[in-house]
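Undergrad: I'd like to ask you about the structure that follows.
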């Protein structure tokens, strides 16, 4: 029980830190985009194209994995909104500006993720 409480406390601290880091600043996507552009530029200017190709492959794989993780996070947050506000699927869709069908897809993804 104590371990799960410590884990929850640590997760809350991480969320609070992220919120503080980005409060009043660029959104996380802009920060990631700038970092990506720096890495991409460095790879394209590399003096060893084979090493750059391997690094670009690793980067592409990592970005795909992060995109999948971000989609699951989005689905889980949608589920939290629904549960926290007691919304129907239709109301969740309206609240998030998506269709009822898309809201249902997100909820299923959250359950299966």
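Residue numbers (the working numbering): 1 to 113. Here a beta-carbon is modelled for each residue, glycine too, at the ideal position from N, C-alpha and C.
1. Grab the span of the alpha helix (DSSP H) containing residue 93 for me, first residue to last.
2. Taking residue 52 and residue 63 to be in contact with their CB atoms under 8 Å, please state how far apart those CB atoms are, rounded to whole angstroms.
3. Of all the options 74, 35, 58, 86, which has the alpha carbon lying nearest to the alpha carbon of residue 105?
4. Is the beta carbon of residue 82 sitting closer than 9 Å to the one on residue 72?
5. Does DSSP put residue 27 in a helix, in a strand, or in coil?
6. From residue 112 to residue 17, what distance separates their C-alpha atoms?
TA: By the coordinates alone:
1. 89-96
2. That pair is no contact at about 16 Å.
3. With distances taken between Cα atoms, residue 105 lies closest to 74.
4. Inclusion of residue 82 and residue 72 in the CB contact set at 9 Å is not warranted, their separation being larger than that value.
5. Residue 27 falls in the coil class under three-state DSSP.
6. 28 Å
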